[in-house]
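Quick note, this note's numbering runs 123 ahead of the 1-based positions in the sequence shown. Glycine included, C-beta positions come from ideal geometry on N, C-alpha and C. On a predicted model such as this, the values are computed, not experimentally measured, just so you know.
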Amino acid sequence: MKLLTCFCACLFVTSWTQAKVHNVTVGYLTVDQSDGYVRNKQARLISGAISYAIEKINRNPTLLKDYHLNIVWKDTKASTLLGTKLLTHLWRDGAVAFFGLEDSCNVEARVAAAWDLPMLSYKCADYDVSDKKKYPTFARTFPPATQVTRSIISILLHFKWSRFSLIVGSSHKQQTIAEKLLELANTYDMTLNDRKDYTEPHIPLTTGNPFPGIVENTFIDTRVYVFLGDINGVVDLMTNLYDRGLLDTGEYVVIFVNHGMFDVNDPLKYFRRTTGSPNDTRNIEASRSLLIITSSPPSNPDYEDFEITVNDYNERPPFNFPNPFKIRKKITVYAAYLYDAVMLYARAAQEELDEGGSIINGTAIINRILSREYESILGVTTKIDANGDAEGNYTLLARVPYVTKSASYAMLPVGHFEMATGHHVLRFFPGQSVDWVTGEPPIDQPKCGYRGEKCIPVKRYTLEIIGGVLGGITMVAIIIGLVVYRNWRYEQEIAGLLWKIPISEIHMPHPTSSSHDRRDSLSSKISLNSQQSVDSRMSFMQIYTRTATYKGQMVALKLYEKKDFVLSRKMQKEMKAMRDIRHNNVNPFIGACVDPPTFTLLTEYCIKGSLQDILENEDLKLDDMFIASLVKDIIQGILFLHGSELNVHGNLKSSNCVVNSRWTLQVADFGLLEVRAGTYKMEDEHAFYRNSFWRSPEHIREPKKRLSQKGDVYSFGIILHEIIGRAGPYGYCNMSPKEIIENVKKGGQSIFRPDTKYLKCEQYVIECMRSCWDEDPELRPDFRVISKALSPMRKGMKRNIFDNMTMMMEKYQSHLEELVEARTDLLVEEKKKTEALLHRMLPSVIADQLKRAQYVEPESFQSVTIYFSDICEFTRLSAESTPMEVVNLLNDLYTCFDSIIRNYDVYKVETIGDAYMVVSGVPNRNGDNHAGEIASMSLELLRAIKKFTIRHRSNEVLRLRIGIHSGPCVAGVVGLTMPRYTLFGDTVNTASRMESNGEALKIHCSRECKLLLDKLNGYTLIERGLVSMKGKGELFTYWLTDEDPSVRHERLRRCSEIFKYNSPWARESRRAYLRHGNDDYMIDEPLPDISFSDNNGDAQMMKTDQPILEILRESEVNPIRSDSPKPFSSSLERSESPRTYSSRLLKSPIANKIRHGPNGIFFEERRLRNVDRAGSGQDLVERAALMSDIDDIDSSTYNCEPRRGSLGNRNHVLVTMPNSLPGHSCMDGETGINNNTSPKVPVGENIALEERWHNSDRITSPLI
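What follows is the structure, given as structure tokens:
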């Protein structure tokens, strides 16, 4: 692919040269439209300059005479990505040079350099494109930021201003200029006092005015401002400075950089905002302290003709920018820069062609432009420097007298900047100068400093010096006195022998007591100084620590035999230091008795014995926590000793580490090393060498060598091995102590140390152990390093073992509580499941009695209705099906039946094979309504069976045979294992005979049931005639064929006082209750409000916001049998209204058990299933009215006719009032008879009671 590309390029160059192609395409990239707001877009103002320049080149026979330039222009929309994309497309279309790109161009210039394309810009302000190593094909006729910053520096140098503050706009150009200015200022050793940025463009009415705050924060610490921004900003800055009176003294000056060209026709524009009135000259006085750097005006007398030509070419192809009003546009200086760029390119390309070069060699063409002077269309001679940047031609403006209609002053040129020795120099025009306020230019810093700090008079500190000297002398004297006093007190303490204890104060155990009693009384353990160990356990003698009592405290005694004991000053100081040591892990030194012939040391007695005793006790199991705690205690104790006055332990071993009653390990037997060594009697060689197990090799070789902290580190390593292995210092080594010490003493390359391969611990513990017993003492770590290395052992632990055990017990207790709580929750859930299963097998009343271990007495019912059904030809169907198919058939069928009967006040007794038995009126009595419930249920089951599909015989329809009969029966629980609630009596047999003598898909009804249905009304029955039945003779029977839904509607309406009668909840409940499976039946007509009569006989309408009444009363604690009415007043307090009572009931547990859906409709599978004593099946409204432990007003507290039945007998509405309301009466809705039997009460009291009742709440009227 690369070879093909090279070949094509060569072919292109060859064909270009041979054919002398005259058409050359140049690209022009500018900004016309943009997605966001972009300031100073130049496309519609200056684009005619490039077409005008190209036309002049094409007509000039001396410039590119063999070539014809064609322009192709694109709009970059001020997007770098789009500009790079358009540059690439133009290059692919044959463009050999590019002009343009505004403000930012570094990315496009980098791409052009990669393709060796010359690019000349008329407006790019990027600073980094001046680097010719990165951008070798880029040049610009627009003076970059580096040029104007030189002019600023020249003004500062001219007036000797080395300190200034900088105010910068937020645009890319201003920020670039600011960065370059600061770089040059550092070069000239200038100081920036402060820098403040503001948002451009500055439009005071919309963006706010930031300059009052800027001036407030900077005016004290500056005198010279350099402003890089728009003209609106500098006008507001000068206004604020003038309003504050800062410009009146002539101490402040503002240098403003204007990137536009000076317009001789508008010299007053710097006195006002761009949106202000032309006659607004608010800044005339303020501008006296303003200096403006701007591009020099054109000196070409034909420049105005050039502007007219550019305007004309803007409207010509290829731009065709419209100018409908033919108004001459104001051409900016960028048009001149664009024109100069095209002409400069043409001259450089012609020179390259004259010398045999190529027009597509961008690097060569740009090199001919660098360091070149040219005559600009502006009329001035301009130079392109070695970086490809045009040198700026700037003029200094200041306020001078200039009479116009609006003002007497104007901002006019007073000087210009010349290039000299690498920097600009300010030259004033002859006869011109700056009209300063004071006649002289301000200084950049007041003589006394910005805050007068340089003029503060020098304060004489003679008194302070004298006081300081005297105070110092006094302080030194005090310090010397304190040191002397401290030494004197120290000497007194040493001489006072505070550690010395008379032997008379030490009480030894009674010598006549037996050894057994002595051990018990003193709780002595294995000796601290004895070396009873694994190696010496063959001895049957056990040595105990010598103990005594000192000032009532049990102490341990350490006895040393020394006849000629001399108490030196060194020993006195050391014992004082030992007595002053107090640390939780250091065994306290109490004192010493120096009475000959023994030298006795007294230390605090630790009841748990030494670490050696604990490690050799095989019955004591040490877990990781215990071991980590012991190791930590040793490290803490030794660290404290090493930081104390003693500096070293010197005798560290497991027998010198004791454990107190809190299982805290303490380091003991420290100090007085010379006394211990001098009084030791070498009587037992075995014990002598064994005591050396913990001594470092260097001290074994040189016994008189001064003991060191590194020796304690070695001893700790041996103890650590002893703790981990629990088999002695050297484990299971078979050598004698003397052989072991001799091998350790040898040293050499193969040092002898305890074996670690049998240790069961982490590797970092073994590594720490080995580093501690290193042969070179300097390589052994100190105890701080050891503590950090062994810190993982103590992760998550408390300070000591006792606290760790407490923490473990707390965690165990917390875990145990959580475990008990979780198990309790599981137990409760299982109990709920068990109760739910029990309630599904037995009625709620019976189930509750069985749960309380009560005997369930059989109960007699005067009138119930029993339903029997079976499937015709079920025997044949069973024979033709597999047992599993039969089970699935019956399960599907009875699931369908169970979902239907739950909508009725019935109880499913049992199923035997294909037989299905249901009863109504048991265990909850419902008056005569049981016949209607069974009849309606039978009709719905018959409709459902016709739509039932057999899974394995989809084309076959089950033929259900139904029989119903009404009469008395007895119900009770039979059996202990799997108890059943069963019915007994002739009514059951008769119902079974009605089913067996019936016909398929028909409901066989007895005369007794027919009479009850006639009484309820709404059912259609057809006579069948006399039917002979086994054991019954001939009975006259009927076929039940249909029912009138409106009758059930009326029955349901009578019980709807439980909830709001006309509420959507109640209406939807009634619809759900009356739905029988046929979708064409819906109750859409409005139900009439229930009316009743008050005590005056006037008809009243029952209110629709009727609350839940006493029907929600909790009955779980002391349930009452359904046939035992409970008075209404038993729960209603005489002082509370029915509404208050109802609100209290709503908060009861039984009310919380009622489940309802989002629209107020109870979910079918949850309808009152948890409500105590509710029937198994009926709609909420019907079932709530039939709850047996809520007997409405069947109580003596109501002086109305008691209920003679349930819903089936409610043919009229009665309004009842409690006895507590004298004067109220209950009136029969049909007869109008006043049933008021309440006692007489005085009229006044009657009125008072009546008012109290009505004020508390409205009277609720339960229906009967």
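Range of the contiguous alpha helix (DSSP H) that encloses residue i
| i | result |
| --- | --- |
| I847 | Q832 to G848 |
| P860 | P860 to K869 |
| Y887 | Q886 to C895 |
Where residue i falls, given that 16 or more other Cβ within 10 Å makes a residue buried
| i | result |
| --- | --- |
| A600 | exposed |
| F1388 | No statement about residue 1388 is possible, as the shown extent of the chain runs from 124 to 1387 and does not include it. |
| H938 | exposed |
| N434 | buried |
| E1063 | buried |
| T417 | buried |
| I1035 | exposed |
| K392 | buried |
| Q789 | buried |
| M598 | exposed |
| E541 | exposed |
| F1159 | exposed |
| K197 | buried |
| N1047 | buried |
| K833 | buried |
| Q1389 | Lying before the first or after the last residue shown, residue 1389 is absent from the chain, which here runs from 124 to 1387. |
| W238 | exposed |
| V358 | buried |
| F712 | buried |
| H822 | buried |
| A1094 | buried |
For residue i: DSSP bridge partner residues
| i | result |
| --- | --- |
| Q789 | V781 |
| W1162 | H1127 and I1145 |
| D198 | T153 |
| E1033 | M1040 |
| H630 | T672 |
| K623 | A715 |
| N183 | Looking at the DSSP assignment, N183 forms no beta bridge with any residue, so it has no partner. |
| G1156 | M1152 |
Within 8 Å, strictly: CB atoms of residue i and residue j
| i | j | result |
| --- | --- | --- |
| D317 | T299 | no |
| T1113 | S1129 | yes |
| F906 | I704 | no |
| Y462 | A172 | yes |
| P565 | G336 | no |
| Y1027 | S986 | no |
| G714 | I624 | yes |
| F342 | L369 | yes |
| D512 | S294 | no |
| M694 | L795 | yes |
First and last residue of the uninterrupted beta strand (DSSP E) at residue i
| i | result |
| --- | --- |
| E982 | E982 to I994 |
| C1019 | No beta strand (DSSP E) holds C1019; the alpha helix (DSSP H) holding it covers P1006 to I1024. |
| G1095 | L1083 to V1097 |
| A1002 | No beta strand (DSSP E) holds A1002; the alpha helix (DSSP H) holding it covers F997 to A1002. |
| P734 | In the sequence as displayed, the identity of residue 734 is Leu instead of Pro. Segment L734 to E739 is the alpha helix (DSSP H) holding L734; no beta strand (DSSP E) there. |
| G223 | A218 to G223 |
| I507 | T504 to I507 |
| T518 | Y517 to P524 |
Counting only runs that start and end within the region 430-502, where is the beta strand (DSSP E) found for 3 or more residues in a row? 495-498
Complete beta strand (DSSP E) runs within the region 265-326 (minimum length 3 residues, chain order): 286-292 and 314-321
At 3 residues or longer, and completely inside the region 378-426: list those beta strand (DSSP E) runs for me, N to C. 413-418
Can you list, in chain order, the stretches of the beta strand (DSSP E) that have 3 or more residues and sit fully within the region 703-727? 712-716 and 721-727
Sequence ranges, alpha helix (DSSP H) only - wholly within the region 543-617, length at least 4: none
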